[in-house]
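Here the structure comes first, spelled out in structure tokens, and everything after it is commentary.
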Amino acid sequence: MPTDHPRRSIVLEDLGSSYSVLFRITRALDYLEKASQLSQEVVDHTPQNHPERVPRLLDAGIDHMDIYSNNGDSTHLELALGSFSKALDAAKENHPRLHTCNSSLAIAFRYRFFKDGNMLDLDAAIQHFEQAIHLVTTDHHKRVRWLQDVGACYGERFRKTQDIADFSRAIERVEESLETADDLLSRARGYSILGSSYGLKSKQTGAMQDLDLSIQMSHRALAITPRDSPDRTRRLHILGACYGTKYDRLGIPKDLDICIERYREALDDSPHDSSDRGLRLCSLGGAYLDRYQRFKAWEDLSDAIDGLEEAIQVAVTPSDHPDRARRIHSLGIAFQELYLGTGKTTDFVIAVQYLKDALNLTPADDCDRPARFDTLGSIHHHHYKISGETADLLKARDYYHEALQITPADHPDEKHRLGGVATCHHDLFLSAGSLADIDLAIDRYRKALELTPRDSPMGWFRLHNLGMAYRDRYRKNKDAEDLEAAIQHYQAGLDHPTAFAADRLKSGQDLLIIYADTDSWTSGCEIAWKTLSLVPLITPDALRNSDKQALLVSIVGLSSIAASVALMANKSVFDTISLLELGRGIIIGSLHDMQTDVLDLRQGHSNLAEEYIKLQEKLHGSSALTSFDERYKAGQQYEILLQKIRDLPGFSEFLLFPAHDDIKAAAASGPIVIINVSTYRCDALLIERHQLSTLPLPDLCPEDISVRATTLASLSTDTLEWLWDTVTRPVLEALRLDQAPGDSWPRIWWIPTGPLTSFPLHAAGNYNDGIFDTVLEHVISSYSSSLKEIINSRRRNKNRDVRISPKKVVLVGMEETPGQSRLEFASQEVEQIAKLCNFSQFHVSRPENRREDVLAQVNGCDIFHFAGHGMSNLSNPLKSSLLLCDGPLTVSRLLETDLRIQRPFLAYLSACGTGQVKQRRLEDEGIHLMSACQVAGFQHAIGSLWEVNDESCVHIAMATYEWILEHNLSNDSVSEGLHHACRKLRHEWMSKNSLEDEKSREPGVKIGDKDPYSDQDVIPSLNRPKDARDILYCGHSPLLWVPYVHYGV
């Protein structure tokens, strides 16, 4: 058709419409681009004064907008703006499409605002929406939509400017739309915008009324939105944001749960190429970060970082995207948390870089800019706490001051900025001692507290910081008013209704120390109870053991201090023991709960018993849930189930601390001795079948224990004599066990605490000048990590099914271990044990020395014996391990093994340090290879407190097994066998030393001393794992019989 044909434009319009229809059917962008080309050609051939020029310009603009919406090419957005502007210019004052020109232009400006963040575009969008509304009658079919669009624009401008007039206009326009909206979709959209607007206002004002309205409107919008509506994901996201704001405000975990569920649902329902995917990822990542900050589940932090990184990388987030700064800032906060968890400088550097990038991308007039400075202050302040570098503290101070300076007065975040400034001046006081700094800190802390709502979780932070500041100023000037103020604020922090349990516990810890240091024992005891009762709340079952371990380092020694305070307050021994057990053995205790005998529960309430077993398996068993989301839900179900069980008649104490009579009954086979060590006093808590009593140990002090703990690897008789004089002799005398035993040896169970957990109480004694007065001569010793474990083990053993022979013995001998020294006697050890067991008609299994092969054979055995290298992990006890051909068999892997049904008899770990905890900040947890075997289901475990001699392992093992087999695997036979084996080896040591010259028998001769005729040390470097289980003889005989210990009842 010729270019000047009078119908050409009409034909081109029809053809363009056909291509548009094809696009809607096929979603092929080529059709849409062809339609756009034809629309533009029609415009080009339309004269300026042609009556169809305005609608044709509008059609061309709409095609460009459709292309932009589908491929994000901003060129088409600019072309659309150009077409709509020309249409508006061409329309006369009374043109019938004038309102459409304005509304189309408003939509395009709004799109460009979302792309670039330019406030002038948002202002233009509002102006043209208002003009379009003004031009139509109240019953116009588009008026409701435009009222809602302009309301959303006012809401967005309110978010940016925080001008309350914009909020009021947003609400007014949307409510006006709802007055005439006659379809569900329009009403749902209006409710959604109202919910979003009230949510924005609640963030600014902190008013719960606005937040409640936000949630109410968002729920109403979602309820009437069809499940297949493309708007549903946006409504889910808005509702999630509302609950996220509510969680920030009140700190209620359930609100965060709903927030995460809605965010995840919105993300899952969104197409992968959705333009909103980056926003969804960022929001969900931020929610995971919030949950990590509360529960410290490492998986949440990992998910947060993954989501936030993807939010930045998605194609719809170009470098100039206005949300890019917010997303980078959130990722910087996540890496800050990672740095606080790992302490790695690389994580600090990455966090700082992200936070600086976010600051650089944030315009000077942006309302988020103060938050960028504030977070940079936070990361440098944390780095100062770790590095001690004053330069970091000064950087933090400057960033915090800048954040405060550019934060408007009465802004809801002003309290955060004040708190940041205060913390820096507080630390400046601690480093330089200037009273001006602490006075300024207290002033800023107080102002921040005054601005914080009473029911906000952040209120705890203000109270706790003020408590610390008053305490520190009291230590400087001894003003009693400061001490009283510190107590008052710490108490308020401990009692805060919405604070995290971990935060409240910190206040309780500090307050307990204040009361203890000022001899306020009664008040201190009350605080101890309240504080330690929070420990289970910070270590819920949903957390992995590694996450619990990271949390528990902060309360090491707390329960021992609490016990000492209770004694000083003249509380009963039962109360003292109860306090002590509340804060010790948390991880091991929760795992031991798996082995709880539910026979009584099953008899009357089989459904609850089955549910209990299933939930325990989900949380702690070999098939435990891996996702924290799933574990979290299972943990909530578990807590509800426990309450149901405890509400039943006769089950009120289910899994709770044993009653007074149960504690005494635990000593039926022999006394239990808890050695409590604290800086305030040291005591032995004596549990006998007829009474509970306390024995003060005035000669024992933590300082001496710490000094001697550094030389345990080169143990001397001097240390054994010190233990005898300060601990074990007074205990045996108090228990009337200081006389020679008769035909039946008495038993005793030791439960040391704190740094004393590494000491061989069973070997204490006087070994000088022919004197033979030792623990070994009076009692048979066993150990336990807690009293509750002894009680539970006794209950389980009552129902032990003694199986008919032949019994199964699994033997693993690692003479050769990759990367380790050769153990000449390991194979000999298992060969001799195999002969003994074969003689007793036991079935002997010798699996391949690989982890899965060994674990497969252990399942169903009666005895597991390992002879080889052991490794105690210095920083993470869960990684302590037995070394096999294909790598380490770790404590954490053993804890996953479930042997509860068959309850195997003995795990004999003939390796180094299998009862050793090198991480002093976790010594109260008792996490080592021996306790892991007990948790897995073994009734007894034999191991060592430190490195052992290769050849002596054979002698100890053979003598022990001979006794055990001779006594038919009775419960007493294990401790008896080990006891007599150690006495035999000790007797040989005494005989050998009696032949040496007078000098070699002087007190204090150490294993590690140099032999005058040799250039070798008795013990090689213990820093090299390959040297474990190797002790070389030379000169004086080492105390080879000391490290071996028994756990079990």
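Counting with full-length UniProt numbering, you get residues 1 to 1049 for the letters of the sequence shown.
Every residue, glycine too, gets a C-beta built ideally from N, C-alpha and C.
- Scanning Q616, R189, L641 for the CA closest to the CA of R631 turns up Q616.
- Here N118 carries a coil assignment [DSSP, helix/strand/coil].
- Per DSSP, reduced to three states, the secondary structure at P671 is coil, with no helix or strand assignment.
- In the three-state scheme derived from DSSP, where H, G and I count as helix and E and B as strand, T46 is classed as coil.
- Exposure of D228 is indicated by the presence of fewer than 16 other C-beta atoms within 10 angstroms of its C-beta.
- Residues T225 of the same chain have their beta carbon placed closer than 6 Å to that of R232, with the five preceding and five following residues left out of the count.
- Using a Cβ-Cβ distance cut-off of 8 Å, the stretch 39-54 and the stretch 83-100 are in contact, since at least three pairs of beta carbons, one from each stretch, lie closer than that value.
- Counting only residues of its own chain and dropping the five nearest sequence neighbours on each side, Y474 has a CB closer than 7 Å to the CB of D482, L483, A486.
- Closest in alpha carbon position to G868, among L855, L884, D862, is L884.
- If you draw a straight line from the Cα of E815 to the Cα of A911, it is about 12 Å long.
- Under the DSSP assignment, W460 falls in the alpha helix (DSSP H) whose first and last residues are 458-477.
- With a beta-carbon spacing of about 15 Å, H64 and L88 fall beyond the 8 Å limit used to define contacts.
- The beta-carbon separation of L737 and V779, rounded to 5 Å, stays under the 8 Å limit for a contact.
- Residue burial annotation: Q48 is exposed, with fewer than 16 other C-beta atoms found within 10 angstroms of its C-beta.
- L582 and D149 have their C-alpha atoms roughly 58 Å apart.
- For W529, the enclosing alpha helix (DSSP H) begins and ends at 521-532.
- As summarised for the stretch 57-100, the continuous alpha helix (DSSP H) elements at least 4 residues long and confined to that stretch are 74-90, given in chain order.
- Counting of Cβ neighbours within 10 angstroms places F348 among the buried residues, the total reaching 16 or more.
- According to DSSP, residue pairing for T890 in a beta bridge involves S881.
- Residue range 747-752 is occupied by the beta strand (DSSP E) that includes R747.
- D662 and E896 have their C-alpha atoms some 29 Å from each other.
- Counting every other CB atom within 10 Å of its CB across the protein chains shown gives L601 a total of 16 or more, marking it as buried.
- Between C367 and S330, the gap from beta carbon to beta carbon reaches 8 Å or more.
- According to the DSSP assignment, S944 belongs to no alpha helix (DSSP H) but to the beta strand (DSSP E) extending over 940-944.
- DSSP lists H843 as the beta-bridge partner residues of K808.
- Listed in chain order, the non-local C-beta contacts of R444 below 8 Å within the same chain comprise L418, G419, V421, A422, H425, local neighbours out to five positions each way being set aside.
- The stretch 715-729 makes contact with the stretch 757-768; the number of CB pairs closer than 8 Å reaches 3 or more.
- Around the beta carbon of I964, 16 or more other beta carbons lie within 10 angstroms, which makes this residue buried.
- Within a 10 Å sphere around the beta-carbon of A371 sit 16 or more other beta-carbons, which makes this residue buried.
- Within the same chain, and ignoring the five residues on either side of D886 in sequence, the residues whose Cβ sits closer than 7 Å to its Cβ are R850, R851.
- The beta carbon of A501 lies closer than 7 Å to those of L534, L537, I538 in the same chain, with the five residues before and after it left out.
- Non-local beta-carbon contacts of F864 in its own chain, meaning distances under 6 Å to residues more than five positions away in sequence, involve V810, V858, A907 in chain order.
- Residue L267 holds the alpha-carbon nearest to the alpha-carbon of R277 among G286, M119, L267.
- Around L301, the same chain offers Y288, L289, Y292, A334, E337, L338, G341 as residues with beta carbons nearer than 8 Å, after the five sequence neighbours per side are excluded.
- Exclusion of the five residues before and after L361 leaves R324, A325, I328 as the residues of its chain whose Cβ lies within less than 8 Å of its Cβ.
- Per DSSP, the unbroken beta strand (DSSP E) holding S781 starts and ends at 780-783.
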